[in-house]
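Report on one structure; see the data block that follows.
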Amino acid sequence: MRSFRLGALAASLLAATLMTPAAHAADAPAPLRADQAKFRELYKEFVETDTSITTGSCTALADKIEGHLKAAGFADTQITRFAVPDHPKEGGLVVVLPGSSKTLKPILLLGHLDVVVAKREDWTRDPYQFIEENGYFYGRGVADMKAMDAIWVDMLMRFKSEGYRPKRTLKLALTCGEETSWAFNGVRWLAENRRDLIDAEFALNEGGGGRTDGSPEGKVIQQNLHVGEKVVANFKIEATNPGGHSSIPIRDNAIYELSDALVKLRDYEFPLMLNDTTRGYFAKLGATRNDAIGKAMLAIVANPADKQAEATLNTDRSFHSMLRTTCVATLLEGGHANNALPQRAAATVNCRIFPGVSFEAVQKTLTDVIADPRMTVTKIDDRGPLPKAPPLTPQILGPAEKLVAKYYPGVPLVPVMSTGATDGIYLEAVGIPSYGPPGLYGDPDGNGAHGLNERMRAKAVYTGRDFLTDLVKAYAG
Amino acid sequence: MTKRSGWRGLVAGLALAGLLTAAGGARAAEAPLRPDQTRFLALFRELIETNTTLSAGSCTLAAERMAAHLRAAGLPEGQITLFSTPEHPKDGGLVAVYPGTSKTLKPLLAIAHIDVVEAKREDWERDPFKLVEEDGYFYGRGTGDVKSMAAMLVDTLIRFRESGYKPARTVKIALTCGEETNGAFNGAEWLAANRRDLIDAEFALNEGGGGTTDGRAVAAGGKVVEQTIQVGEKTFANYRLETRNPGGHSSVPRPDNAIYQLAHALDRVEAHAFPVEFTDTTRAYFRAAGTARDDAVGKAMVALAANPSDKAAEAVVNTDPFLHSNLRTTCVATMLDGGHARNALPQRAGANINCRIFPGHSVEAIRGELAAIIGDPGVTVTALPPLRPSPPPPPLSPKVVDPARKLVARYFPGVPLVPVMANGYTDSTFLGAVGIPTYGVPGMWGDPDGNGVHGLNERIEVRSLFVGRDFLFDLIKAYAG
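Chains as they are written, first to last, in this note's numbering: chain A, 28 to 504; chain B, 6 to 486.
Structure representation (structure tokens):
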């Protein structure tokens, strides 16, 4: 998972103190049902199989999963393993549970098996030991995202053993490389090489989910449906110069040219944009809060040209980023010796592009803003074709709303567009809209995902498992 | 050695003005070597072929070899000091003292560094550590910078000893290591700090001056068009500008940003112009060089020397980067770094500012000035080691300049001797800092292309070496009395 940040939102909801009904207060933990105990074993195995890029293997975990699926009755023909020779440890698996309908298109369930690197010496507990303590599961991947991975696998095995035959075919793709932008990305590979295998009307992925109020009881105050995300692109802006000896400076200097460009970039603000998801988000959230920000949210939905409302929302970094393309300088390099005039100076500019805006348009904007013909602006990474933003349809929203009302009564379901990036963009690039469903939830501090002592509430996992099972059944018919 | 970019005499202007009709080189046809020249050449060859790079060589070995020649010539052991420190056993050097007769005149010191810039065999046409004579040039690392002078100093004392010469002043020579490796052990700095008495002198001679041809070897019909004596130099310092920020994920930019904050600071540094300053030397240089040129810049040079607040003249002079730098402290951004990942807001950004400091300003004073220019307490400004001293410039004294001028007139009739302040730097800074004014001598000459100093295929014209040797010998005798 990448930078899924809605802490500000949870905090603001909390501040508004609107959420009076206790949603699932922490009761004494009930004894596990038999199916839950079995699921827990599977989840434990997932977490204890190291799938980090440095010391682990997604392929090894996929081997184990294949074994479980076959034991549950899946035929060899329903399971596809994949890996490329250059990345033998970064393999994955696609499994298909056929549906009965000849007309309805499949649903694709998606999960990445890889985890962020974790060092034993930095953690309080062994990151690759599944430990339950004080109502939490600890271990690398418990939150990001082996809980959902295990829920998907367990769900398909149960459907199989129960003899449940959905109308829609259910497909599950478990992949590697989501946490590493430079290694092999399984979803991208499938989208580009096995488009038919993963074809679906839509996909369910990480990115959604709920947040608690941060209290020990873990009151759930919000659930999100993740609908679309901004697109990442990195650009290099560069100045070159013949250089020379630093004892005789000349007027033209690559570093100064770059500095001028950066100052212009800092002062530039991309224009405000809204789409169905963000309009829905601000409308829903604005109605729940009684402060200036809430009023500004409603005002901006009613009139995107309301500069005063925009200025108010811009004071919050998350809202500011959700409302536009952003480009920010993240890396700087220049020169080759302390005593030589620089021959080259460059900055990497990381852009988070609002859905629907092209890479070329952003590049042109950067070029126009810098307005210095001596400087070059180049796109330096390739994440494939531009994704299409998934539509926010009642078909998707309806079942999710119903289940949130059932499992988390009184908790709003908010559609969100993520300012970060998930593997969903690779599916959207080949025409498979991807959604992050609600159901699971975390704490506002982020639960140590990507960091130390990653943890997940046991109750969130078990409740989320039931929720997602119901949700998939509702979508699959 | 002061980079060629570090000083410039009148060449361009004079050559353009077509003033130099007289042939420079005193010796006409190539004469067979005199016995003393043959012996000197062997010494020079030995020094060139003793690798003294920081990476693979040893100054200590070169110093020992030079000491052996002095001993062989009969210089008593008590007049030879070999030095090195335990931390830098290969960066040693040599001081030799040739006593004078006067009880009142203070000694004369002549220094030369014996270390050389790195040279890779595979990059050079010839082996850089073999002295190769070809087409009127000696090739090899250090031929120009500055083992030629080091060998001449040793050779001078040998000839003094053998001829029984009794100078009025005591003559001292110091051969040191570390001039080319800023930040490693510097022998001149060490002597100034630890053996001040041993090297005490009224004034010192060093590299930094010299002649320039019209682009052709003198033996091939070219001319020496000018000779310079270096009187003072700028010192330098590197400063690190740094900004810090809590950073965060780049998908949610924050209003403050380490890179933008740094960029803003750099814009301020770029926009700042340090004020015009003159030393006696640069004032004399601007007058002489300005008069010799027949263009707008020449007129502006003369006007500015007469009135440093003549803004119109300053604007004209500033169009020439060398002159611009010779008139003031300059500070320029040379390196940039920042950030740690493409997708993370930078937690840190930094730049190196390389300043060439006009004589009389301390490194700390310029640090304070940079901080004031930037005017943002969030941007730290730190002077990086090595912190060099910033001594006052040596006086433009007739006692030093006149004998040099007389010898230039004799050896290079019609060629002007121009006092210059270098924009670059030499070890003279360290001697100046302990009260020994140090001058870069004229004599040897090079070509306008720099003769591969610090670069590939370093060379010196054969005639420049031998004429330069005679010139330096006579100059030292003139000063020593």
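Beta carbons: idealized from backbone N, C-alpha and C, even for Gly.
Beta-carbon gap between residue i and residue j smaller than 7 Å
| i | j | result |
| --- | --- | --- |
| T385(B) | I362(B) | no |
| G448(B) | L477(B) | yes |
| D408(A) | E205(A) | no |
| K263(A) | I397(A) | no |
| A242(B) | A388(B) | yes |
| T286(B) | V236(B) | yes |
| G220(B) | L359(A) | no |
| T107(A) | V121(A) | yes |
| R288(B) | A310(B) | yes |
| L180(B) | Y484(B) | no |
| Y155(A) | E75(A) | yes |
First and last residue of the uninterrupted beta strand (DSSP E) at residue i
| i | result |
| --- | --- |
| C64(B) | That residue, C64(B), is in no beta strand (DSSP E); its alpha helix (DSSP H) goes 64-77. |
| Q250(A) | 247-256 |
| A90(B) | Residue 90(B) is actually Thr in this sequence, not Ala. Run containing T90(B): 85-90, per the beta strand (DSSP E) assignment. |
| L350(A) | Segment: none, L350(A) is in no beta strand (DSSP E) and carries neither H nor E. |
| E244(A) | First-last for E244(A): undefined, no H or E at that position. |
| F229(A) | 229-231 |
| F241(B) | 240-249 |
| P391(B) | Premise fails: P391(B) is in no beta strand (DSSP E) and is neither H nor E. |
| V102(B) | 93-103 |
| Y462(A) | 461-463 |
Counted within 10 angstroms of its Cβ, other Cβ atoms place residue i as buried (16 or more) or exposed
| i | result |
| --- | --- |
| R464(B) | buried |
| A33(B) | Bear in mind that the predicted position of A33(B) carries a pLDDT of just 44, short of 50, making it unreliable; the figure below should be weighed with that in mind. By the 10 Å Cβ count, A33(B) comes out exposed. |
| H253(A) | buried |
| A27(B) | Caution is warranted here: a pLDDT of 38 is assigned to A27(B), below 50, making its placement in the model unreliable, and the coordinate value is therefore given only provisionally. Classification of A27(B): exposed, given that the 10 Å Cβ count is below 16. |
| T151(A) | exposed |
| D171(A) | buried |
| R468(B) | buried |
| E493(B) | Residue 493(B) lies beyond the stretch modelled for chain B, which goes from 6 to 486, so this question has no answer here. |
| L461(B) | exposed |
| D279(A) | exposed |
| A278(B) | exposed |
| H51(A) | With a pLDDT of 47 at H51(A), under the threshold of 50, the modelled position of that residue is not reliable, and no figure is offered here. |
| P424(B) | buried |
| K198(A) | buried |
| A485(A) | buried |
| G504(A) | exposed |
Top-ranked residue by Cα proximity to residue i, from the options
| i | options | result |
| --- | --- | --- |
| L368(A) | H139(A), G234(A), H272(A), K246(A) | H272(A) |
| T5(B) | N331(B), E275(B), I481(B), I163(B) | This structure cannot speak to residue 5(B), because chain B is shown only from 6 to 486. |
| C85(A) | K132(A), G168(A), S127(A) | G168(A) |
| D77(A) | G235(A), L393(A), V142(A) | V142(A) |
| T305(A) | A485(A), M349(A), Y283(A) | M349(A) |
| R353(B) | A224(B), A268(B), H366(B) | A268(B) |
| A301(B) | E319(B), S314(B), P313(B) | E319(B) |
| G226(B) | E466(B), G214(B), G303(B) | E466(B) |
| A210(A) | V111(A), E387(A), Q250(A), G234(A) | V111(A) |
| N187(B) | E123(B), D132(B), G383(B), T248(B) | E123(B) |
| L299(A) | N317(A), V144(A), Q335(A), T196(A) | Q335(A) |
| A87(A) | C203(A), C354(A), T267(A) | C203(A) |
Opening and closing residue of the alpha helix (DSSP H) in which residue i lies
| i | result |
| --- | --- |
| C336(B) | That residue, C336(B), is in no alpha helix (DSSP H); its beta strand (DSSP E) goes 335-343. |
| S255(B) | S255(B) -> no alpha helix (DSSP H), and no H or E assigned at all. |
| V488(A) | 485-503 |
| M444(A) | No alpha helix (DSSP H) contains M444(A), which is instead part of the beta strand (DSSP E) from 440-445. |
| H269(B) | 263-276 |
| N331(B) | 326-331 |
| R372(B) | 368-379 |
**Report entry** Complete alpha helix (DSSP H) runs within the segment 178-217 of chain A (minimum length 4 residues, chain order)
**Finding:** Here no run is fully enclosed.
Query raised in the report: Mind pulling the beta strand (DSSP E) runs of 3 or more residues that sit fully within the segment 120-158 of chain B?
Result: Runs of the beta strand (DSSP E) inside the segment 120-158 of chain B: 137-139, 142-144.
Query raised in the report: Unbroken beta strand (DSSP E) runs of length 3 or more, entirely within the segment 154-234 of chain B: which are they?
Result: Every beta strand (DSSP E) of 3 residues or more that sits fully in the segment 154-234 of chain B is shown, in chain order, as 176-181, 208-211, 215-218.
**Report entry** alpha helix (DSSP H) runs contained entirely in the segment 356-385 of chain A, provided each spans 4 or more residues
**Finding:** Considered as a whole, the segment 356-385 of chain A harbours no complete run of any alpha helix (DSSP H) with no fewer than 4 residues.
Query raised in the report: Can you give, in chain order, each stretch of the alpha helix (DSSP H) that sits fully within the segment 304-348 of chain A and has at least 4 residues?
Result: Runs of the alpha helix (DSSP H) inside the segment 304-348 of chain A: 319-329, 334-341.
Query - Entirely enclosed beta strand (DSSP E) segments - the segment 406-447 of chain B, minimum 3 residues - result: Taking only runs of at least 3 residues, the beta strand (DSSP E) segments lying wholly in the segment 406-447 of chain B are 422-427, 443-445.
Query raised in the report: Which runs of the beta strand (DSSP E), 3 residues or longer, sit entirely within the segment 43-126 of chain A?
Result: Counting only runs of 3 or more, we get 106-109, 119-124.
Requested in this report: Please list the segments of the alpha helix (DSSP H) lying wholly inside the segment 380-434 of chain A, counting only runs of 4 or more residues, in order along the chain.
Outcome: Entirely contained in the segment 380-434 of chain A, the alpha helix (DSSP H) runs reaching 4 residues are, in chain order, 386-397, 421-434.
Report task. Write down every uninterrupted run of the beta strand (DSSP E) in the segment 121-166 of chain A whose length is 3 residues or greater and which is fully enclosed by it, in chain order. Result -> Taken in chain order, the unbroken stretches of beta strand (DSSP E) that lie wholly in the segment 121-166 of chain A and span 3 residues or more are 134-139, 158-160, 163-165.
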